[in-house]
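Participant:
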Ligand SMILES: [Zn+2]
Ligand SMILES: [Zn+2]
């Protein structure tokens, strides 16, 4: 099974199998086209195909099938019934996670010379896209040298066994309750009189099933050790006073989004943020 010689002119797909036409598999549990949803990596601008994994989480795959003999076994994926599975299917071809060759991962994995070569090709393409103005990388995560401060990032927050992306920095997450004057409550959920969460590094992947390869750690504001009622207060986004008066109506929707490592890649911080500098402590 020799690849189409026409592909040789594009070294990117030297060993890539020609793409097959799109159709929905009759046995597919999802209505996604078999080629998944195409998109572009927010970090490097290269094409990705997004599929569901068996645990329903999304995975970004490199769009081409590659000769499996070049790919380390832990990086091999295959598609079956519209779903991406984290191992080869015994054929000579496989797919790989984009993250294994993304030129702008937070921590480059060591995946062998073949994938390193592929990563270099993608890096050149990213450079071309940036030079021609066709691509602007997602804003870099650190806002200054080293780790960002917790006052400047939209944190991923772990609570009630789920991970969410907050709508704003921690200290700006505002109570959604309506005051008696029919205004939105001006108070924040974060309250120094209540136990705080703690910043910790956790895998970007979900807590169950296969992690996206290669595994990567990210900073998470973890509230999981707090009492249930306190986690619920965060989830319902209420200040302590409005938790004590649960009858008050909400004037806004809570701002939590279920954290998705692909959609929210720009919000993944691989280092713990610095604690905020208080103005009255330092000039
Ligand atoms: Zn990328
Ligand atoms: Zn309130």
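Residue numbers (my numbering): 147 to 429.
Glycine included, C-beta positions come from ideal geometry on N, C-alpha and C.
Regarding residue 189 and ligand 1, is the C-beta to nearest heavy atom distance less than 8 angstroms?
Facilitator: Numbered from its first residue, the chain shown carries residue 189 at position 43. Yes, since a heavy atom of ligand 1 falls inside the 8 angstroms radius drawn around the Cβ of residue 189.
Participant: Tell me, which residues are paired with residue 240 by DSSP?
Facilitator: The residue given as residue 240 occupies position 94 in the chain shown. Bridge partners of residue 240: 212.
Participant: Measure from the alpha carbon of residue 310 to the alpha carbon of each residue in 196, 191 and 406, then state which is nearest.
Facilitator: Within the chain shown, residue 310 is the residue found at index 164, counting from 1. Checking every option, the nearest Cα to that of residue 310 belongs to 406.
Participant: Ligand 2 heavy atoms versus the CB of residue 388: any closer than 8 angstroms?
Facilitator: The residue you call residue 388 lines up with position 242 of the chain shown. The answer is yes for residue 388.
Participant: So, for residue 183: in the same chain, excluding its five sequence neighbours on each side, which residues have a beta-carbon less than 6 angstroms away from its beta-carbon?
Facilitator: Locating residue 183 in the chain shown gives position 37, where the first residue counts as 1. So the list reads 196, once near-sequence residues are dropped.
Participant: Among 277, 397 and 380, which one has its Cα closest to the Cα of residue 325?
Facilitator: For this step, residue 325 is matched to residue 179 along the chain shown. Considering only alpha carbons, the answer is 397.
Participant: Could you give the DSSP three-state label for residue 326: helix, strand or coil?
Facilitator: Counting from one through the chain shown, the residue named residue 326 turns up at place 180. The answer is coil: DSSP assigns residue 326 none of H, G, I, E or B.
Participant: Mind reading off the beta-carbon distance from residue 242 to residue 270? Whole number of angstroms is fine, and I expect it under 8 angstroms.
Facilitator: Here residue 242 refers to the residue found at position 96 of the chain shown. Here residue 270 refers to the residue found at position 124 of the chain shown. A Cβ-Cβ separation of about 18 angstroms leaves residue 242 out of contact with residue 270 under the 8 angstroms criterion.
Participant: Counting C-beta neighbours from all protein chains within 10 Å, is the total for residue 211 16 or more, i.e. buried, or is it exposed?
Facilitator: By 1-based counting over the chain shown, the position of residue 211 is 65. Residue 211 is buried by the Cβ-count criterion.
Participant: Of the choices 321, 236 and 315, whose alpha-carbon is the least far from that of residue 381?
Facilitator: Within the chain shown, numbered from 1, the residue matching residue 381 stands at position 235. Among 321, 236 and 315, the Cα nearest to that of residue 381 belongs to 321.
Participant: Using only the alpha-carbon positions, how far apart do residue 386 and residue 295 sit?
Facilitator: Translated into positions along the chain shown, residue 386 becomes position 240. Translated into positions along the chain shown, residue 295 becomes position 149. Computed Cα separation, rounded: 25 angstroms.
Participant: With 16 as the cutoff for other CB atoms within 10 Å, does residue 413 come out buried or exposed?
Facilitator: Looking up residue 413 in the chain shown gives position 267. Its Cβ being crowded by 16 or more others within 10 Å, residue 413 is buried.
Participant: Take residue 201 as the anchor and find which of 228, 186, 189 and 319 has the nearest alpha-carbon.
Facilitator: Within the chain shown, residue 201 is the residue found at index 55, counting from 1. Comparing Cα-Cα distances from residue 201 to each of 228, 186, 189 and 319, the minimum goes to 228.
Participant: Given the structure, does residue 385 come close to ligand 4, in the sense that its CB is under 8 angstroms from one of the ligand's heavy atoms?
Facilitator: This structure lacks ligand 4; the ligands present are ligand 1 and ligand 2.
Participant: Going by CA-CA distance only, name the one from 376, 395, 216 and 231 that's closest to residue 203.
Facilitator: Position 57 of the chain shown, counted from the start, is the residue given in the question as residue 203. With distances taken between Cα atoms, residue 203 lies closest to 231.
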